[in-house]
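Residues in the sequence shown are numbered from 1 upward in steps of one, following the UniProt record's numbering.
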Amino acid sequence: MANVILKNLTKKFKEVIAVDNVSIEIKDKEFAVLVGPSGCGKTTTLRAIAGLEEATSGEIYIGDKLVNDVQPKDRDIAMVFQNYALYPHMDVY
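Structure below.
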């Protein structure tokens, strides 16, 4: 795996801001989870990292490579979307 870094990631759909200036660094071998209410931008953020949505502004790095203009098939990553209801025996803190 590689580091994933988002720097000031923003995604707009017309005038609606779906992801607003998100900056995060996920280090190699770290496990990260995006949680939040419906419509807060979790899936849009993952889709931007995977290359399925084009960022309106900001930078996306995988490893040390800026991937904003790299096609999804060339990013060598995959997106997994899980429903928390699959894990009713677990807690999130």
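Ideal Cβ placement from N, Cα and C applies to all residues, glycine included. Note that this is a predicted model, so its numbers are computed, not measured.
- Uninterrupted beta strand (DSSP E) stretches at least 3 residues long and entirely within the stretch 12-79 occur at 16-26 and 57-62, given in chain order.
- Each of Asp28, Thr45 and Glu30 was checked against the Cα of Gly36, and the nearest Cα belongs to Thr45.
- The count of Cβ pairs closer than 8 Å, one atom from the stretch 46-63 and one from the stretch 3-19, reaches three, so the stretches are in contact.
- In the same chain as Met79, and ignoring 5 residues on each side of it, the C-beta atoms closer than 8 Å to its own belong to Leu46, Arg47, Ile49, Ala50 and Leu52, in chain order.
- When rounded, the separation of the alpha-carbon atoms in Val70 and His89 is 39 Å.
- Excluding five sequence positions before and after Ile62, the CB atoms of its chain that fall closer than 7 Å to its own CB belong to Ala2, Val4, Arg75 and Ile77, given in chain order.
- Taken through DSSP and simplified to helix, strand or coil, Asn8 comes out as strand.
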